[in-house]
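The structure under discussion appears below in the form of structure tokens.
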RNA sequence: GCUGGCGUAGCUCAGUGGUAGAGCGCGGGAUUUGUAAUCCCGCGGUCGUGGGUUCGACCCCCACCGCCAGCUCCA
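Residue numbers (our numbering): 518 to 1156.
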């Protein structure tokens, strides 16, 4: 009998080739393992070992164990569907695990699985779990496997078998007469799974190909511990509570109206103030760093977009052209060509580089209806755009400064946790290898010198240049793409951009395209979700809600306070309704104003305010001036 | 764009093959309030849009628009 050498927990031993972990663990008196890591591959107790390899047992405490039982849950769900809708009616696609659970892509003949079917499916799954069927792994010859699944009418499974590499083994897992093609791993019986819940159903193309039929994807989440499962469900609740679309309406910030058009945003007065604060801050910070502010039009001649290459590479995202005196014009999907035109408006000397042109430029892109989502994905949005043109010698410094600027600005909005991705040269790249090398190394140096950890997406850059993407982590752990710093070797060539060097000759500059927020709309959405609507004082549209207990008696003093605050730059709103104090407090709380200032007889008498903070509750009474100082101090510190 | 679900008053939602209801909001009145909802009265809807079936449609069918969850896409 042939032997293989394995190493388990540091112990080396020889076992028969084809032995599985169950045998091996029994031999070593390892109890309670659900599977193991063979090299880097997660396998289950039934998978045969056929090569010399290091094995680490996986127990319930190991995160990998979740993957094993989640995988089994997806099989249990598949079996439940078969039993509910008929073995011959249900055609299975793929059923993998996800970060928090599992899904299965299925086709049920003559029935569309809906949300209301989920409880029924769950119930059937629980039955299968309660019966604790043993799960048996088998290996099959390709022909046998094809024969088997063709017998079941499993057309999608047959397609998978045909795609499996000749030299790989084909395995199936069987539980109480239900056999599924699967590479595993699985637990050894249906009773060994954890807590689960089916969450939702959605469509998913077979093989992710939009020309192929669409299957139904049933999602579930699963954990060993019921508490963890509930925590996860609470996370969904929390995310729902933070939904910027809801907050945007409740806080009267913005509106998306179908009569205006899908994906087009109306900013309401309070949203308008918010935007002004954001934009003023943005402009000031850019001016401080030597950017020059520009404005460019919303449409441009087709010839411009032809020259820039947008009409050959980006046309499907552009709105249809309009005819203006027999010439075609397009609404801009990007600001770049205009910025290039401004650069080219005169001969540039190396002495004035780097030139940094910045604009809050509103662009319009045709996005497919199905992808639109609140402020996060829209058809008209304002990029906080800038183009930096520089000499090769300046590239490194420019990138460093730009990334530093972006991170600093994001920190001002309360984001502390960043993930940085560098995307490098793809195979269809244009531009010289030297250009790419200089650009890529400057990106890496900038990230490293700022002490940020990063991942490299090898070959993931656009054809015209490498880039850095910055994602921020929000208060409940989600990542959002914001900043991007992107080299462009294409436009300088296409538009023949030049500068005159010290040698009095013309040279091709480097151009970098960058955005920090990404877009004002999207960033607003992210802020709202991050802060659950409770915006930091300095960007809150209304900073103080002033409430007279009895408008008749206290209004005069309240108006005086309002003036005092307004003159000093504080955004105040008076609630002069003839309502009870409790009602006015409640409304102010619901609208999440950072501070509420109550005025009654006492306050009028003493010329004070009774202050209530959204975050800290009651702060007691204080004089006008000390309240103002408190506000100004927090605003200065961007709290 | 695709699959499934949904579309009733400004908002959240109930409802039936015989042309609609609640709460909040809004308007008016009463009340003059001390830290999360005072009471009364009233206004408000061609039931997403357009076709069709039917004696009759908000309800059934079709198309379109929009929204939601995914998929696909994302220079």
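Glycine residues also receive a C-beta, built at the ideal position from the N, C-alpha and C atoms.
When the options are compared against residue i, the one with the closest alpha-carbon
i            : options                : result
residue 796  : 879, 942 and 1106      : 879
residue 596  : 561, 567, 663 and 697  : 697
residue 934  : 911, 957 and 998       : 998
residue 844  : 863, 816 and 700       : 816
residue 943  : 974, 926, 959 and 923  : 974
residue 582  : 862, 1118 and 558      : 558
residue 779  : 883, 604 and 1007      : 883
residue 518  : 898, 602 and 536       : 536
residue 908  : 962, 1006, 847 and 901 : 1006
residue 1036 : 1118, 913 and 903      : 903
residue 561  : 1052, 1046 and 652     : 652
Residue i versus residue j: straight-line alpha-carbon distance, rounded
i            : j            : result
residue 640  : residue 744  : 20 angstroms
residue 727  : residue 626  : 20 angstroms
residue 819  : residue 829  : 11 angstroms
residue 609  : residue 1031 : 45 angstroms
residue 694  : residue 656  : 16 angstroms
residue 575  : residue 551  : 6 angstroms
residue 585  : residue 757  : 30 angstroms
residue 716  : residue 739  : 10 angstroms
residue 556  : residue 568  : 10 angstroms
residue 1018 : residue 995  : 46 angstroms
residue 1040 : residue 991  : 12 angstroms
residue 931  : residue 580  : 31 angstroms
residue 1049 : residue 753  : 13 angstroms
residue 1116 : residue 1132 : 20 angstroms
residue 730  : residue 723  : 6 angstroms
residue 737  : residue 618  : 6 angstroms
residue 1135 : residue 1118 : 18 angstroms
residue 856  : residue 896  : 21 angstroms
residue 1148 : residue 1130 : 11 angstroms
residue 848  : residue 881  : 7 angstroms
residue 850  : residue 1142 : 49 angstroms
residue 742  : residue 578  : 11 angstroms
residue 784  : residue 1138 : 36 angstroms
residue 1101 : residue 792  : 27 angstroms
Other residues of its chain near residue i: CB distance less than 8 angstroms, five sequence neighbours each side excluded
i            : result
residue 1090 : 1059, 1061, 1062, 1063 and 1110
residue 671  : 608, 609 and 698
residue 891  : 760, 761, 762, 765, 773 and 1042
residue 666  : 674, 675, 678 and 698
Residue i - containing alpha helix (DSSP H), residue span
i            : result
residue 1032 : Not the alpha helix (DSSP H): residue 1032 falls in the beta strand (DSSP E), residues 1027 to 1036.
residue 588  : 580 to 602
residue 829  : 827 to 830
residue 549  : Where residue 549 is concerned, there is no enclosing alpha helix (DSSP H), given that its DSSP letter is neither H nor E.
residue 1072 : 1068 to 1084
residue 731  : Segment 731 to 740 is the beta strand (DSSP E) holding residue 731; no alpha helix (DSSP H) there.
residue 1056 : Counting along the chain, residue 1056 falls outside any alpha helix (DSSP H), and DSSP gives it neither H nor E.
residue 952  : 950 to 966
residue 542  : 538 to 544
residue 667  : 659 to 669
Residue i - containing beta strand (DSSP E), residue span
i            : result
residue 1137 : 1134 to 1140
residue 904  : 897 to 907
residue 1003 : 996 to 1005
residue 817  : 816 to 818
residue 854  : Run containing residue 854: none in the beta strand (DSSP E); it sits in the alpha helix (DSSP H), 853 to 860.
residue 1112 : 1112 to 1116
residue 912  : Segment 912 to 929 is the alpha helix (DSSP H) holding residue 912; no beta strand (DSSP E) there.
Close beta carbons around residue i, own chain, < 6 angstroms, minus the five adjacent residues each side
i            : result
residue 821  : 854
residue 734  : 620, 622, 719 and 721
residue 765  : 771
residue 945  : 980
residue 1155 : 929 and 1055
residue 1098 : 1066
Neighbourhood of residue i by C-beta, 7 angstroms cutoff - its chain only, sequence neighbours within 5 removed
i            : result
residue 888  : 894
residue 649  : 706, 707 and 708
residue 1034 : 901, 999 and 1040
residue 732  : 610, 622, 623, 624, 721 and 723
residue 768  : 787, 1050, 1108 and 1109
residue 485  : Summary: the structure shown does not reach residue 485, with the chain confined to residues 518 through 1156, and so no result is reported for it.
(message) When you compare the region 822 to 839 with the region 867 to 874, are there three or more beta-carbon pairs, one atom per stretch, that lie closer than 8 angstroms?
(response) Verdict: no, contact absent.
(request) Could you say if the region 1017 to 1027 and the region 1083 to 1097 meet the contact criterion of at least three C-beta pairs nearer than 8 angstroms? (result) The region 1017 to 1027 and the region 1083 to 1097 do not touch, with fewer than 3 CB-CB distances between them shorter than 8 angstroms.
(request) Indicate whether the contact test is met: 3 or more Cβ pairs, each with one atom in the region 1002 to 1014 and one in the region 1042 to 1060, closer than 8 angstroms. (result) With contact defined as three or more Cβ pairs closer than 8 angstroms, the region 1002 to 1014 and the region 1042 to 1060 are not in contact.
(request) Assess, as a yes-or-no matter, whether the region 964 to 975 is touched by the region 917 to 936 under the definition of 3 or more beta carbon pairs within less than 8 angstroms. (result) Between the region 917 to 936 and the region 964 to 975 there are three or more inter-stretch CB-CB distances shorter than 8 angstroms, so the stretches are counted as touching.
(request) Pair every Cβ in the region 671 to 691 with every Cβ in the region 520 to 537, then say whether three or more of these pairs are closer than 8 angstroms. (result) No contact exists between the region 671 to 691 and the region 520 to 537.
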